[in-house]
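Student: Below is the structure I would like to discuss, written out as structure tokens.
Number of protein chains: 2
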Amino acid sequence: MPSDHGVASALKRSDLAKLTGCNLETIRYYEGVGLMPDPPRSPAGHRRYGTAHVERLSFIMRARELGFTMEEIRGLLSMVDRGSHTCGEVEKRGRDHLNVVRAKIRDLQNIEAILADTIAKCSGSDAPECPLLNVLSDGAVAKAD
Amino acid sequence: MPSDHGVASALKRSDLAKLTGCNLETIRYYEGVGLMPDPPRSPAGHRRYGTAHVERLSFIMRARELGFTMEEIRGLLSMVDRGSHTCGEVEKRGRDHLNVVRAKIRDLQNIEAILADTIAKCSGSDAPECPLLNVLSDGAVAKAD
DNA sequence: CCTTGCTCCTGTAGTTGCTACAGACCCTAT
DNA sequence: ATAGGGTCTGTAGCAACTACAGGAGCAAGG
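These protein sequences, in sequence, are chains A and B. When we follow full-length UniProt numbering, the leftmost residue of the first sequence carries the number 1, and every step to the right adds one. When we follow full-length UniProt numbering, the leftmost residue of the second sequence carries the number 1, and every step to the right adds one.
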């Protein structure tokens, strides 16, 4: 049985990584940039984590999955840390992010439409003439008329 | 009238930037990474561009607008440079890229749905209780039932 | 002719969000 | 005791640029 040096529910960095699905190195990175607190250390200097760390990193991971940037996550966390957050405040940040997500979707859908339309006109043959190359060379976006 | 040191249709880097909409520094970057050729120089070492450069950079800019990565653009350009490209080959690269674009759209639409559903449940009030924070804390994605 | 102010040159560092390595420690099991 | 892992640190790398510092050139006004 491994000693835990008296630290309650002491998890190693690799344990935290497995529990949260976060990359091992990324944990150290988040500590460096201040998203995660510096954890207590074992006498040999090894990081020891508890349930609070698991919860915080899980929060970060889920925010990441929703596409929040690190700055946005930092903002959300500091609101929660201050303990003075309101649903209205959080909602506003969520809405702002949603708008960014929707803008990205629109951009990608534009690209998708142009690519799909253009590729649909490709012969796929061994000829050098190619509608997609024409679009790239001339900027002419073929109309579907 | 500024001398052009005998270089036909000699454009300065800033001219090329304006003509193509490319950032000034990015031109130098593209030369460094080999997307653009090293241009001829004036006696004082200043870059001098011609219409071929304008066309190549325009090609790159349009590919960029369509979301092609630099490696994809490099591939397209080298096919054209070899002069041995076929429509089938170009179409395949276009299709591969289209698949990537569509995957990104799907990912973002998932995010959008979760965010929109969750935010719709926010009271927007001064209460600390917040559906969005709950999702981030628990991973519970609210159902619209 | 000379200065003023802009452009251009180079190399390098910063951005975002990680990821991966090298080389040194430490810990566990046999 | 020693072999193998895991952990520690600092640092470099990725995409794809962007920006800056410090020096040189160049065109025009006085």
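Note that the Cβ used here is the ideal one computed from N, Cα and C, for glycine as well. Predicted model only: the values in this text are computed from it and were never measured.
List the DSSP bridge partners of Arg41(A).
Tutor: Taking the first sequence and counting its residues from 1, the one referred to as residue 41(A) is at position 41. As a beta-bridge residue in DSSP terms, Arg41(A) pairs with Arg47(A).
Student: Nearest CA to the CA of Asp96(B): which residue from Pro131(B), Thr69(B), Ser84(B) and Tyr49(B)?
Tutor: For the purposes of this step, residue 96(B) is taken as the residue at position 96 of the second sequence. Closest option to Asp96(B), Cα to Cα, is Thr69(B).
Student: Would you kindly report the start and end of the unbroken alpha helix (DSSP H) that includes Asn23(B)?
Tutor: Mapped onto the second sequence, residue 23(B) falls at position 23. For Asn23(B), no alpha helix (DSSP H) encloses it, and the DSSP letter there is neither H nor E.
Student: Provide the residue span of the alpha helix (DSSP H) that contains Thr118(B), from first to last.
Tutor: The sequence position of residue 118(B) within the second sequence is 118, counting from 1. Unbroken alpha helix (DSSP H) run through Thr118(B): Cys87 to Ala120.
Student: Could you tell me whether the Cβ atoms of Arg48(A) and Ala10(A) are closer together than 9 Å?
Tutor: The sequence position of residue 48(A) within the first sequence is 48, counting from 1. The sequence position of residue 10(A) within the first sequence is 10, counting from 1. Against a cut-off of 9 Å, the Cβ pair of Ala10(A) and Arg48(A) comes out as a contact.
Student: If the cut is a Cβ gap below 8 Å, which residues of chain A does Gly50(B) touch?
Tutor: What you label residue 50(B) is simply residue 50 of the second sequence in a count that begins at 1. Near Gly50(B) there are no residues of chain A at all, since even the closest Cβ is about 16 Å away, more than 8 Å.
Student: Using beta carbons (cut-off 9 Å, strictly below), is Lys12(A) in contact with chain B?
Tutor: Here residue 12(A) is taken as the residue at index 12 of the first sequence, counted from 1. No, Lys12(A) does not count as interfacial toward chain B.
Student: Could you list the residues in the segment 118 to 135 of chain A with a C-beta less than 9 Å from some C-beta on chain B, going in chain order?
Tutor: Thr118, Ile119, Cys122, Ser123, Gly124, Ser125, Asp126, Ala127, Pro128, Glu129, Cys130, Pro131, Leu132, Leu133 and Val135
Student: Looking at C-beta atoms only, is the number of pairs between the segment 109 to 128 of chain B and the segment 85 to 95 of chain A that lie closer than 8 Å three or more?
Tutor: yes
Student: Compile a chain-ordered list of the residues in the UniProt domain "HTH merR-type" (16 to 79) of chain B whose CB is closer than 8 Å to at least one CB of chain A.
Tutor: Glu55, Ser58, Phe59, Arg62, Ala63, Glu65, Leu66, Gly67 and Leu76
Student: Kindly indicate which three-state DSSP category Leu11(A) falls into: helix, strand or coil?
Tutor: Along the first sequence, read from residue 1 onward, the residue named residue 11(A) stands at position 11. Leu11(A) falls in the strand class under three-state DSSP.
Student: Quick one: residues in its chain with C-beta nearer than 7 Å to the C-beta of Gly21(B), no 5 flanking neighbours on either side, listed in chain order?
Tutor: Numbered from 1 along the second sequence, position 21 holds the residue referred to as residue 21(B). Closer than 7 Å at Cβ, skipping near neighbours: Met61.
Student: So Ser52(B) and Leu136(A) are supposed to be a Cβ contact under 8 Å. How far apart are they, rounded?
Tutor: Here residue 52(B) is taken as the residue at index 52 of the second sequence, counted from 1. Here residue 136(A) is taken as the residue at index 136 of the first sequence, counted from 1. First, the amino acid is wrong: residue 52(B) is Ala here, not Ser. The Cβ separation is near 15 Å, so there is no contact.
Student: Assuming Thr86(A) and Pro37(B) are in contact, meaning their beta carbons sit under 8 Å apart, how far apart are those beta carbons, in whole angstroms?
Tutor: Your numbering for residue 86(A) matches position 86 in the first sequence. Your numbering for residue 37(B) matches position 37 in the second sequence. 57 Å between Cβ atoms; not a contact.
Student: Can you tell which of Gly139(B), Glu65(B) and Leu133(B) has its C-alpha closest to the C-alpha of Val80(A)?
Tutor: Locating residue 80(A) in the first sequence gives position 80, counting from the first residue. Considering only alpha carbons, the answer is Leu133(B).
Student: Roughly how many angstroms lie between the CA atoms of Asp109(B) and Arg102(A), to the nearest whole one?
Tutor: Start at 1 with the first residue of the second sequence, and residue 109(B) comes out as number 109. Start at 1 with the first residue of the first sequence, and residue 102(A) comes out as number 102. Before going further, note that residue 109(B) is Gln rather than Asp in the sequence given. So the two alpha carbons sit approximately 8 Å from each other.
Student: Could you give the distance in angstroms between the alpha-carbon of Glu112(B) and the alpha-carbon of Thr26(A)?
Tutor: Along the second sequence, one-based indexing puts residue 112(B) at 112. Along the first sequence, one-based indexing puts residue 26(A) at 26. Roughly 25 Å separates the two Cα atoms.
Student: Check each residue of the segment 85 to 100 of chain A: if its Cβ is closer than 9 Å to any Cβ of chain B, include it; give the result in chain order.
Tutor: His85, Thr86, Cys87, Gly88, Glu89, Val90, Glu91, Lys92, Arg93, Gly94, Arg95, His97 and Leu98
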